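K.L.:
Below you'll find the structure I mean.
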Amino acid sequence: MRLILAEDSVLLRAGLTKLLTDGGFDVLAAVGDGEELLRSVAEHEPDVVVVDVRMPPTHTDEGIRAALAIRGRYPKIAILVLSQYVEERYAHDLLSAATSSVGYLLKDRVARVRDFLDALRRVADGGTALDPEVVGQLMVRRRPDFRARLTPRELEVLRLMAEGRSNNGIVDTLGVSHSAVEKYVSNIFAKLDLPPTDTDHRRVLAVLKYLGDR
Numbered sequence: 001m002r003l004i005l006a007e008d009s010v011l012l013r014a015g016l017t018k019l020l021t022d023g024g025f026d027v028l029a030a031v032g033d034g035e036e037l038l039r040s041v042a043e044h045e046p047d048v049v050v051v052d053v054r055m056p057p058t059h060t061d062e063g064i065r066a067a068l069a070i071r072g073r074y075p076k077i078a079i080l081v082l083s084q085y086v087e088e089r090y091a092h093d094l095l096s097a098a099t100s101s102v103g104y105l106l107k108d109r110v111a112r113v114r115d116f117l118d119a120l121r122r123v124a125d126g127g128t129a130l131d132p133e134v135v136g137q138l139m140v141r142r143r144p145d146f147r148a149r150l151t152p153r154e155l156e157v158l159r160l161m162a163e164g165r166s167n168n169g170i171v172d173t174l175g176v177s178h179s180a181v182e183k184y185v186s187n188i189f190a191k192l193d194l195p196p197t198d199t200d201h202r203r204v205l206a207v208l209k210y211l212g213d214r
């Protein structure tokens, strides 16, 4: 799978390049700022981009702005954003711009190599990956109507969906049957007013409702 990495720290960029190469990814370019990332994407049109939120010159939101620009110009390119801290606004902006092939993880997650590579492959395959710490903060500020509409187990399933877990992943995490998970997910969609559709990814739309914007 062809990948471009954008990270301004030279040491972390080198470490990630080796980790990704060892993990089976073809790293086409490893760049240090948003503008260079956009040029590299235009040149190579990779399958997936991994980008830091904060990059030169101001180290504020250059990375996330580049990620959103890539999604607008090349909607088929998967994007995984890395952040040093939980920044809910950036996670929300990213998810609002896409309903598939998108992820937002904390950099600490990279140390768990298998989990990080699994999340990246999930994003590259069209899924989502949202860091558990981001999900945890969203749960703290969740609107009261979620507590009223969803059971504790349904909220737990929605939290795992927000992390990007598939039904099989939820089965493994909770130790329940496939039919039970299917029922929980179906109940969540019904209670969040998300009928079947040919155009929208209901799992991601449920997460967006979870973010409190829809």
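With full-length UniProt numbering applied, the sequence shown closes on residue 214, and no number is skipped along the way. Glycine included, each C-beta is placed from N, C-alpha and C at the ideal position. This structure is a prediction, so every number in the text was calculated from the model and none was measured.
Indicate the three-state DSSP secondary structure (helix, strand or coil) for residue 4 in the structure shown.
P.N.:
strand
K.L.:
Any idea if residue 11 is buried or exposed, counting beta-carbon neighbours within 10 angstroms, 16 or more meaning buried?
P.N.:
exposed
K.L.:
In whole angstroms, what separates the C-alpha of residue 13 from that of residue 90?
P.N.:
21 Å
K.L.:
Below 8 Å, how does it come out for the region 127-134 and the region 29-39: are there three or more Cβ pairs, yes or no?
P.N.:
no
K.L.:
Could you tell me which of 173, 54, 18 and 48 sits nearest to residue 8, measuring between CA atoms?
P.N.:
54
K.L.:
Between the beta-carbon of residue 50 and the beta-carbon of residue 41, is there less than 9 Å?
P.N.:
no
K.L.:
From 67, 104, 100 and 73, pick the residue whose C-alpha is nearest to that of residue 82; which is it?
P.N.:
104
K.L.:
Quick check on the DSSP output: the beta strand (DSSP E) that includes residue 164 runs from which residue to which?
P.N.:
According to the DSSP assignment, residue 164 belongs to no beta strand (DSSP E), since it is labelled neither H nor E.
K.L.:
Could you tell me which whole alpha helix (DSSP H) segments of length 4 or greater appear in the UniProt domain "Response regulatory" (2-122)?
P.N.:
10-22, 34-44, 62-73 and 88-97
K.L.:
Between which two residues does the beta strand (DSSP E) harbouring residue 194 extend?
P.N.:
For residue 194, no beta strand (DSSP E) encloses it, and the DSSP letter there is neither H nor E.
K.L.:
Specify whether the region 152-159 and the region 174-192 touch according to this definition: at least 3 beta carbon pairs, one from each stretch, less than 8 Å apart.
P.N.:
yes
K.L.:
In chain order, what residues of the same chain have a beta carbon less than 6 Å from the beta carbon of residue 32, not counting five sequence neighbours either side?
P.N.:
8
K.L.:
Locate the beta strand (DSSP E) running through residue 130, then write down its first and last residues.
P.N.:
DSSP places residue 130 in the uninterrupted beta strand (DSSP E) bounded by 128-130.
K.L.:
Using the C-alpha atoms, what's the distance from residue 186 back to residue 170?
P.N.:
14 Å
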